[in-house]
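See below for the structure under consideration.
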Amino acid sequence: MTQDKPPTCAARDFIVRPFQPSDTPNIHALLVECLVSAPDSVRNAALGRSFISFARYTACGLGLLLLPRWDLDQFHLPVGGVAICLISMALFLVERRSITATFLSECKTAQNTDLADIAAFYKVSLGDPSERNRPQILGPSGFWVAALESKGETSQVVGCLGLDCHRRADELRGELRRMFVSRHYRRHGIGFRLLSEVISHARGFTTLPMTMELETSELQLAAQSLYKKHGFSVVGTRVIPMGRLSPLSMFRFCRTLQTVDTAPNGWSN
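Heads up: the sequence shown runs through residues 4 to 272, numbered per the working numbering.
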């Protein structure tokens, strides 16, 4: 699990390796941390910029402006000002719960689909446990983690990234999924190393033209910058509901990889 007070580590202390089954709890924890619980999570970013937050503060201010001086003899407050304040606060709380429910639902969906059995979904070969073989990525799809490895063979996962590949006619398409880096270990180049590893791996496994795609939200500015540095560009936008009054724009990024002359495991054309 992620730590509250992690040790100070340099980028060279991390390794990027294929997923192994013991990583699953840490990956699920990273999912919740990055989407919901961390101070800089996507959920908290959404709460901070939601339309209803702005409306709530505006309405409260309007309500206060409508409050004249109290009549100390009658201890009377105008109904209009109080009503505006209370209604705006109620709307804010409802919208907050709705946004939180959206991201909790996303976590549950991920844990019940591709992150339920990561090795099977992303086609990671686990080898023979009796022979202590380490997992291997044998095809273009795969799932990688950035981990702190100790001498006692324990591993703390602090980042992850998956690649789900499918062949369509004369083209291979790869979807980058589940890019997460623990907030305690950001700015160590972990995301950059994960993405570089996955791109290098994918390029070596096919002679077909390969299109890599991913989707990220308008709130994830650091992720957008990372993808652009790796040659991805925005090819589409869609808007999804997030709460009742807070739509969220999702950006579709795409990059075409150059082909290589040879590819292992029958993935050539």
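Positions of the beta carbon are idealized from the N, C-alpha and C atoms, including for glycine.
Just so we're clear, the structure is a prediction, and the values are computed from it rather than from any experiment.
Problem - Unbroken alpha helix (DSSP H) run spanning Phe256, endpoints - result: Counting along the chain, Phe256 falls outside any alpha helix (DSSP H), though it belongs to the beta strand (DSSP E) covering 251-260.
Handout entry: Three-state class that DSSP yields for His233 in the structure shown
Key = Of the three classes helix, strand and coil, the one that applies to His233 here is coil, per DSSP.
Exercise for the section: Tell whether a beta-carbon distance below 8 Å holds between Met245 and Ala113. Expected result: no
Exercise for the section: On a CA-only basis, which of Met253, Ser236, Val237 is nearest Ile243? Give me that one, please. Expected result: Met253
Exercise for the section: Measuring alpha carbon to alpha carbon, tell me which of Ala226, Leu179, Cys163, Val39 ends up nearest Ser144. Expected result: For Ser144, the closest of Ala226, Leu179, Cys163, Val39 by C-alpha to C-alpha distance is Leu179.
Practice task
Report all residues from its chain with a CB closer than 7 Å to the CB of Leu198; omit the five preceding and five following residues, and keep chain order.
Solution key: The residues are Leu164, Leu229, His233.
Exercise for the section: Determine the contact status of Pro250 and Leu129, defining contact as a CB-CB distance below 8 Å. Expected result: no
Exercise for the section: Classify Val237 as buried or exposed, calling it buried when 16 or more other Cβ atoms lie within 10 Å of its own Cβ. Expected result: exposed
Practice task
Give the DSSP-derived three-state secondary structure of Arg190 in the structure shown.
Solution key: coil
Practice task
Reducing DSSP to helix, strand and coil, say where Leu175 ends up.
Solution key: strand
Handout entry: Per-residue DSSP class, three states only, for Glu216
Key = strand
Practice task
Using the Cα positions of Asp173 and Leu141, report the straight-line distance between them to the nearest angstrom.
Solution key: 21 Å
Problem - Best match in Ile121, Met182, Cys168 for proximity to Cys37 [C-alpha to C-alpha] - result: Met182
Exercise for the section: Go ahead and label Glu152 buried or exposed: buried means 16 or more other beta carbons lie within 10 angstroms of its beta carbon, across all protein chains shown. Expected result: With fewer than 16 other Cβ atoms within 10 Å, it is exposed.
Exercise for the section: Select from Ala41, Asn115, Val161 the residue whose C-alpha is nearest the C-alpha of Val184. Expected result: Val161
Exercise for the section: Could you give the DSSP three-state label for Gln77: helix, strand or coil? Expected result: Its pLDDT being 47, under 50, Gln77 is placed unreliably in this model, and the value from its coordinates should be taken loosely. Here Gln77 sits in coil by DSSP.
Exercise for the section: Answer with buried or exposed for Thr259, where buried requires no fewer than 16 other C-beta atoms within 10 angstroms of its C-beta. Expected result: exposed
Practice task
From the DSSP output, in three-state form, read off Thr150 for me.
Solution key: Checking the sequence shown, residue 150 turns out to be Ala, not Thr. Ala150: strand per DSSP, three-state reduction.
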